[in-house]
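The sequence shown begins at 0 in numbering that gives the first Met the number 0 and counts up one residue at a time. Cβ coordinates follow ideal geometry from the N, Cα and C atoms, glycine included. As the structure is a prediction and not an experimental result, all values here were calculated from the model.
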Amino acid sequence: MDTKDNEATITKISQVTPEVTLFLRKLGLSDYYIIKIFALVGDAAIGLTEDDPYWLLDEFQGMRFDTADKIADTMGIAKNSPFRIRAAVRHGLALYVNRGNTFVPAREFCQQISGFLDLTRDEVEDVVEDMALVGDLQLSTLAGTEVLYFYGYYRTECQVAGKIARMAENTPKPVGANISAVISKAESQSGIKLTQSQREAVEKSLGHSVSIITGGPGTGKTTIINTLIKIMEQSGLDVAVAAPTGRAAKRITQTSGKGAMTVHRLLEYYYDEEARHMAFGRNQDNPLDYGAVIIDEASMMDLMLMGALCRALRDDCRLILTGDADQLPPVGAGNVLEDLINSGYVYTSRLSEIFRQAEESGIVLNAHRINQGSYPKYGKDFLLVEADKQKDILGKITDLAAKWPPDKVQVLTPVKKGILGSASINEHLQQIFNPPRPDCPELAFGSKIYRQGDRVMQIKNNYRLEFKRKDGSTGKGIFNGETGIIAAVHTDDRKITVCYDDDRWVEYPYVQMDEIELAYAVTVHKSQGSEFPVVIMPASWFPPALATRNLLYTAVTRGQRQVIIVGTERYVNSMVDNNQTGRRNSGLRDRLAGMYENI
Numbered sequence: 000m001d002t003k004d005n006e007a008t009i010t011k012i013s014q015v016t017p018e019v020t021l022f023l024r025k026l027g028l029s030d031y032y033i034i035k036i037f038a039l040v041g042d043a044a045i046g047l048t049e050d051d052p053y054w055l056l057d058e059f060q061g062m063r064f065d066t067a068d069k070i071a072d073t074m075g076i077a078k079n080s081p082f083r084i085r086a087a088v089r090h091g092l093a094l095y096v097n098r099g100n101t102f103v104p105a106r107e108f109c110q111q112i113s114g115f116l117d118l119t120r121d122e123v124e125d126v127v128e129d130m131a132l133v134g135d136l137q138l139s140t141l142a143g144t145e146v147l148y149f150y151g152y153y154r155t156e157c158q159v160a161g162k163i164a165r166m167a168e169n170t171p172k173p174v175g176a177n178i179s180a181v182i183s184k185a186e187s188q189s190g191i192k193l194t195q196s197q198r199e200a201v202e203k204s205l206g207h208s209v210s211i212i213t214g215g216p217g218t219g220k221t222t223i224i225n226t227l228i229k230i231m232e233q234s235g236l237d238v239a240v241a242a243p244t245g246r247a248a249k250r251i252t253q254t255s256g257k258g259a260m261t262v263h264r265l266l267e268y269y270y271d272e273e274a275r276h277m278a279f280g281r282n283q284d285n286p287l288d289y290g291a292v293i294i295d296e297a298s299m300m301d302l303m304l305m306g307a308l309c310r311a312l313r314d315d316c317r318l319i320l321t322g323d324a325d326q327l328p329p330v331g332a333g334n335v336l337e338d339l340i341n342s343g344y345v346y347t348s349r350l351s352e353i354f355r356q357a358e359e360s361g362i363v364l365n366a367h368r369i370n371q372g373s374y375p376k377y378g379k380d381f382l383l384v385e386a387d388k389q390k391d392i393l394g395k396i397t398d399l400a401a402k403w404p405p406d407k408v409q410v411l412t413p414v415k416k417g418i419l420g421s422a423s424i425n426e427h428l429q430q431i432f433n434p435p436r437p438d439c440p441e442l443a444f445g446s447k448i449y450r451q452g453d454r455v456m457q458i459k460n461n462y463r464l465e466f467k468r469k470d471g472s473t474g475k476g477i478f479n480g481e482t483g484i485i486a487a488v489h490t491d492d493r494k495i496t497v498c499y500d501d502d503r504w505v506e507y508p509y510v511q512m513d514e515i516e517l518a519y520a521v522t523v524h525k526s527q528g529s530e531f532p533v534v535i536m537p538a539s540w541f542p543p544a545l546a547t548r549n550l551l552y553t554a555v556t557r558g559q560r561q562v563i564i565v566g567t568e569r570y571v572n573s574m575v576d577n578n579q580t581g582r583r584n585s586g587l588r589d590r591l592a593g594m595y596e597n598i
């Protein structure tokens, strides 16, 4: 059976061939998974599962290991089978990567997997070594400790370090005979006067092939970016400006007047049907034509995206990374901006002076207070609404949010689950912003209800997801964190249509509706790169690993006009006091510094 368009057409169990339904039901799989499996591979589901039932873990991120393990047990696969051990190693390592790590300590990891599988560590280590021999994994040594990577992450980490090192060794072509005079000319043309720290940042960025400009809100990063663009373009350089997300790219376009794009679009991403993964049209064989590339909101750049960018840059290209290093690390694995700064290898300008206009903003001032470990001061644009019990906090958040149109207010929370998690808050806000009514079609998905007009968010990267525009053009790829509005609900066909930014219309069949969720409230992590007129955030007890200073700082800096914290001052202050950052396992800093491996 041709499965090319199955995901868009298979929505009911009756559409699955009886042989596949019977086979997968006998293995204990629900109709939901049977539909998804058949939509992906058609009748091949039987053969694939008979060959290796653990293939399901690689294809369906939400599937638990014990689900696949029960299937394997039903099929008679031994507890110490290499199939089973390999699957557990891949699954376990993927969990670490999903938490932001690029590697794990090998001995400790193998001990954990052996305990999980009820096997000896030697049995697990033997399989890990075999996986390394065939190129699935990579064993390496950092600071005298043997560590384990997926090979792709190891290779990318080395490639990024090597590329940055080569670029940094190049002396860029001067933008003028007298750089100070060039900067003064740009000031005169723009009608601005740079401060000493801004001028120094511009000068050093122009004098280095790779540089970083970092600072909090109101410290003048945008002015520096605009000055750099003007100077480099007037010197004859083609300049590209990009950001990790569409919202961030749109914002830098508005503030700079320079057309910015997402990094994915800059690199001309596409879905490789044969390899079944995302690929980029721009790479080492087809590098970008630009003489300078500026990446804004660079704190959101994960290792794999940075690797794709580095492969597409010419060695003589200038790379300027701008952002706020004190924000949360990226959603994906790695901590590129922090690693590059801490390596000491890349010239970094740190901006701390707050400009007069920004000094009038309680949001900006409190963001800097929080970042420096001081407690916020409350006023007209930075409010504390007192509430103690979580159910009372939820009620006040709902009442406050109702005062604004849904596109003007965003609730941010540290967690997904619980009374004050995004899922719970969304249920209540949906009743305020888009309640059920006879003329509004809706579709149930599990315990969730989606209605026409709801704001939703894509919660995983899907490079195969096709979108259409009203002009008839098409494309593929909707990314984790993108938000849109449900434009239509098709109850008969059990699918919904979502309209995203840039006039991208996407149809979600029922089996793909697990890729979206309501977005009236989102986690702080998911809000990175976005700004909202009004931000509301609960302050209550949350797990200490999440109730941190940099999470509060990130949330506060999302607000443009007003930030409202609902809870108690005690919990706000405890977040300020909690400077735990949860260091990620990443080898980029050490590799770039050349401390451990010859790259």
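Run of the alpha helix (DSSP H) containing residue i, from where it starts to where it stops
| i | result |
| --- | --- |
| residue 431 | 421-432 |
| residue 178 | 178-189 |
| residue 123 | 120-132 |
| residue 225 | 220-233 |
| residue 77 | Run containing residue 77: none; DSSP gives neither H nor E here. |
| residue 36 | 30-40 |
| residue 46 | 43-50 |
| residue 516 | Per DSSP, residue 516 belongs to no alpha helix (DSSP H); it is in the beta strand (DSSP E), 515-517. |
Straight-line Cα distance separating residue j from residue i
| i | j | result |
| --- | --- | --- |
| residue 294 | residue 577 | 30 Å |
| residue 321 | residue 387 | 39 Å |
| residue 382 | residue 542 | 23 Å |
| residue 40 | residue 201 | 53 Å |
| residue 205 | residue 248 | 22 Å |
| residue 390 | residue 447 | 20 Å |
| residue 465 | residue 481 | 14 Å |
| residue 550 | residue 23 | 43 Å |
| residue 518 | residue 425 | 7 Å |
| residue 90 | residue 63 | 9 Å |
| residue 450 | residue 478 | 22 Å |
| residue 44 | residue 31 | 14 Å |
| residue 617 | residue 290 | Since the first and last residues shown for the chain are 0 and 598, residue 617 lies out of range. |
| residue 130 | residue 57 | 16 Å |
| residue 363 | residue 400 | 22 Å |
| residue 528 | residue 299 | 8 Å |
| residue 105 | residue 139 | 9 Å |
| residue 19 | residue 493 | 22 Å |
| residue 167 | residue 484 | 44 Å |
| residue 416 | residue 284 | 45 Å |
| residue 82 | residue 124 | 14 Å |
| residue 95 | residue 193 | 44 Å |
Host beta strand (DSSP E) of residue i (start-end)
| i | result |
| --- | --- |
| residue 544 | That residue, residue 544, is in no beta strand (DSSP E); it is neither H nor E in DSSP. |
| residue 210 | 209-214 |
| residue 508 | 503-508 |
| residue 349 | 346-350 |
| residue 149 | 144-149 |
| residue 242 | 238-242 |
| residue 476 | 473-477 |
Three-state secondary structure (DSSP) of residue i
| i | result |
| --- | --- |
| residue 306 | helix |
| residue 522 | strand |
| residue 139 | strand |
| residue 450 | strand |
| residue 247 | helix |
| residue 300 | coil |
| residue 319 | strand |
| residue 152 | helix |
| residue 395 | helix |
| residue 595 | Residue placement at residue 595 cannot be trusted, given a pLDDT of 35 that sits under 50; what the coordinates show is reported in the next sentence. Looking at residue 595 - three-state DSSP - the assignment turns out to be coil, as it is neither helix nor strand. |
| residue 466 | strand |
| residue 62 | coil |
| residue 560 | strand |
| residue 379 | coil |
| residue 326 | coil |
| residue 458 | coil |
Beta-bridge pairing of residue i - partner residues as DSSP gives them
| i | result |
| --- | --- |
| residue 271 | 276 |
| residue 282 | 285 |
| residue 498 | 484 and 504 |
| residue 443 | 448 |
| residue 411 | 521 |
Integer Cβ distance of residue i from residue j, believed to fall under 8 Å
| i | j | result |
| --- | --- | --- |
| residue 395 | residue 384 | 6 Å |
| residue 547 | residue 580 | 7 Å |
| residue 560 | residue 342 | Actually they are not in contact, since the Cβ atoms of residue 560 and residue 342 sit about 38 Å apart, beyond 8 Å. |
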